[in-house]
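Report on one structure; see the data block that follows.
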Amino acid sequence: MHVQIVFGIDFGTTNSALSVFRNGTVEMLTVDGSDRAGELMRSVLFFNEDNEIFAGQEAIRQYVSDGADGRFMQSIKTFLPNTSFDSTEIFGKRYGIDDLVAIILRKIKARGEEHVGCPVDSVVLGRPVVFSTDPDKDAVAEQRLEKAARKAGFKNIWFQYEPVAAAMAYEDSLEAGQERIVFIGDFGGGTSDFSVIRVKGGDFSRSNRRSDVLSLGGVYVAGDKFDSQVMWDKVACHFGRHARYKAMGKDEWVNVPRSIIYTLCQWHRIPMLRARKTREHIRLIKETTDSRQAIENLENIISDNYGFFLFQAIEKAKCELSERDHSLISFVERDLRVSERIGKVEFETLNADNFQQIADCIDDVITRSGLLPTQIDTVFLTGGTSRIPHIRMLFAERFGQDKLENRDAFTSVAHGLGSSVPLFV
């Protein structure tokens, strides 16, 4: 089979990006705007009460203009390995997880076809090294992603590990004949994936690269997990984490159920708190609580759909800590007001366990490569989380600061997926 034009799609937890391979070259395409920023599309959906569906930045605009009325969905990729999540009902219509992903892929495909001027039915899709540590759930996630791609209109579908794709993007930057052994760190919203791979610049046979991949690994700790930890330790107190109430017919104080607060701290799961049974439970808690304002805040953030904007404020503060020692988590929306200072050292302390899981995975990938850190020439980091100073320190401690490279943090994987096309066609 000879395919002349193939898309490379990085469907991410937070953002998605698109490249095209044609005539032996790879080009990044705009998917959500007309400028360079348009190379990224937020992986979000909004369903309004008129049964209209919006994706990307338009979904966010409609969500804001509609006063948050409707159903806003984000971090959809996170649900792919979740076998307990089969479908959801939105304004009387059921959508499977593959249907939701297909809506985003269909928009990306359409934008790409507008650019190349013809239908494209072939795609290389990125996937994390670890969708799930459970092999069965990992397989389910890939099957769902493939099903979504077929529903979006693709016929020829191949998968490439995201850190391997990032390595291919790095390889494209090398001069002809230049060889490197590279440690790739790809930090997404849901997973952090790593690989050690041998790369070479210039024209050479790419028919089989398996022997070049020396090791792979991944951990389910990334940007969203850091945000959730900050939410739990710094912000959840405003929404009832420390509140108590008296259960019906009893006189002793009990804490607000941990399950409610835990769900609140995962931004993609907040809509689950809108279930009638949960909202009734929260209403009963409010009647006897010793922290009425906090429980009212909890009610409001659920009913008014403000979870997305609250986590935007948390993410903004987190990003600012990459450039300064302190930041402010500031969120004001109607009756909801949150103002919490957070320092870089405090952020690192709160996330110590998360950083340790990443460090352990890095060490495991190095060990399984059969190489010493001194034998690895370059460390190539991609993804927004790779800019966190403590993450960079983990690599500097192992490889040395001079080996660290960081470029095109948000589009390297998509570019590398395009570069991977000759491996499959």
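The opening residue of the sequence shown carries number 348 in the numbering used here; numbering runs sequentially from there. We put the beta carbon where it would ideally sit given N, CA and C, even for glycine. Keep in mind it's a predicted model, so treat the numbers as computed, not measured.
Backbone secondary structure at Met-740 - three-state DSSP: In the sequence shown, residue 740 corresponds to position 393, counting from 1. In this structure, Met-740 counts as helix in the three-state DSSP scheme.
Rounded straight-line distance, which links the Cα of Phe-656 to that of Val-577: Translated into positions along the sequence shown, residue 577 becomes position 230. Translated into positions along the sequence shown, residue 656 becomes position 309. Roughly 15 angstroms separates the two Cα atoms.
State buried or exposed for Gly-359, treating a residue as buried only when at least 16 other CB atoms are found within 10 Å of its CB. Here the question's residue 359 lines up with position 12 in the sequence shown. By the 10 Å Cβ count, Gly-359 comes out buried.
Pair within 8 angstroms by beta-carbon distance, Ser-759 and Ala-569: Mapped onto the sequence shown, residue 759 falls at position 412. Mapped onto the sequence shown, residue 569 falls at position 222. No; because the gap between Cβ atoms is not below 8 angstroms, this pair is not in contact.
Asn-701 and Phe-534 closer than 8 angstroms at C-beta: Taking the sequence shown and counting its residues from 1, one reaches residue 701 at position 354. Taking the sequence shown and counting its residues from 1, one reaches residue 534 at position 187. Taking 8 angstroms as the cut-off, the beta carbon of Asn-701 is found no closer than this to the beta carbon of Phe-534.
Please determine, among Arg-441, Val-476, Gln-525, the residue with the shortest C-alpha to C-alpha distance to Thr-725. As a position in the sequence shown, residue 725 is number 378, starting the count at 1. The shortest Cα separation from Thr-725 among Arg-441, Val-476, Gln-525 belongs to Gln-525.
Verify whether the separation of the beta carbon atoms of Ser-669 and Pro-736 is less than 8 angstroms. Reading the sequence shown from its first residue, position 322 is the one you call residue 669. Reading the sequence shown from its first residue, position 389 is the one you call residue 736. Yes, these two residues count as a Cβ contact at 8 angstroms.
Taking all protein chains shown into account, decide if Asn-652 is buried (16 or more other Cβ within 10 angstroms of its Cβ) or exposed. Numbered from its first residue, the sequence shown carries residue 652 at position 305. Counting the other Cβ atoms within 10 Å of the Cβ of Asn-652 gives 16 or more, which makes it buried.
Give me, in chain order, the residues of the same chain whose beta-carbon lies closer than 6 angstroms to that of His-462; leave out the 5 immediate sequence neighbours on both sides. By 1-based counting over the sequence shown, the position of residue 462 is 115. Hits under 6 angstroms: Leu-376.
Within a Cβ cutoff of 8 angstroms, which residues of the same chain sit near Asp-775, ignoring the five residues on either side of it in sequence? Given a span of 348 to 772 for the chain in the structure shown, any question on residue 775 remains unanswerable.
Helix, strand or coil, according to DSSP, for Lys-456 in the structure here? Counted from its first residue, the sequence shown places residue 456 at position 109. Three-state result, Lys-456: helix.
What residues are listed by DSSP as bridge partners for Glu-374? Here residue 374 corresponds to residue number 27 of the sequence shown, with the count starting at 1. BP columns for Glu-374 point to Val-367.
Element boundaries [beta strand (DSSP E), containing Val-391]: The sequence position of residue 391 within the sequence shown is 44, counting from 1. First-last for Val-391: undefined, no H or E at that position.
Residue range of the unbroken alpha helix (DSSP H) whose run includes Asp-357: On the sequence shown, position 10 is the one that residue 357 refers to. For Asp-357, there is no enclosing alpha helix (DSSP H); the residue is part of the beta strand (DSSP E) that begins and ends at 352-358.
Mind checking who Leu-563 pairs with in its DSSP beta bridge? Against the sequence shown, residue 563 aligns to sequence position 216. Partner(s): Ser-542.
Between which two residues does the beta strand (DSSP E) harbouring Ile-400 extend? What you label residue 400 is simply residue 53 of the sequence shown in a count that begins at 1. For Ile-400, the enclosing beta strand (DSSP E) stretches over residues 400-402.
Euclidean distance between Cα positions of Glu-627 and Asn-395: To locate residue 627, count along the sequence shown from 1; it is residue 280. To locate residue 395, count along the sequence shown from 1; it is residue 48. Their backbone Cα atoms lie some 24 angstroms apart in a straight line.
Taking buried to mean at least 16 other C-beta atoms within 10 Å of its own C-beta, is Glu-436 buried or exposed? For the purposes of this step, residue 436 is taken as residue 89 along the sequence shown, with counting starting at 1. Exposed, because fewer than 16 other Cβ atoms sit within 10 Å of the Cβ of Glu-436.
Collapsed DSSP secondary structure at Phe-668 in the structure displayed: Reading the sequence shown from its first residue, position 321 is the one you call residue 668. For the sequence presented, residue 668 should be read as Leu rather than Phe. In this structure, Leu-668 counts as coil in the three-state DSSP scheme.
Since Leu-561 and Val-543 are thought to touch, with beta carbons under 8 angstroms apart, how far apart are those beta carbons, to the nearest angstrom? What you label residue 561 is simply residue 214 of the sequence shown in a count that begins at 1. What you label residue 543 is simply residue 196 of the sequence shown in a count that begins at 1. Contact between Leu-561 and Val-543 holds, since their C-beta atoms are separated by about 4 angstroms, short of 8 angstroms.
Buried or exposed, going by whether 16 or more other CB atoms sit within 10 Å of the CB of Asp-749? In the sequence shown, residue 749 corresponds to position 402, counting from 1. With fewer than 16 neighbouring CB atoms inside 10 Å of its own CB, Asp-749 falls in the exposed class.
Taking 8 angstroms as the cut-off, does the region 658-666 touch the region 623-642 (at least 3 CB pairs, one atom from each stretch)? Cβ pair count under 8 angstroms is below three, so no.
Suppose you measure from the CA of Pro-769 to the CA of Ile-423; what does that come to, to the nearest Å? Position 422 of the sequence shown, counted from the start, is the residue given in the question as residue 769. Position 76 of the sequence shown, counted from the start, is the residue given in the question as residue 423. Roughly 29 angstroms separates the two Cα atoms.
Going straight from the alpha carbon of Leu-563 to that of Ser-733, what length do you get? Residue mapping note: residue 563 aligns to position 216 of the sequence shown, counting from 1. Residue mapping note: residue 733 aligns to position 386 of the sequence shown, counting from 1. Whole-angstrom Cα-Cα distance: 18 angstroms.
Tell me the DSSP secondary structure of Ser-412 in three-state form. As a first step, residue 412 is located in the sequence shown; it is residue number 65 there, counting from the start. Judged by DSSP in its simplified three-state form, Ser-412 adopts helix.
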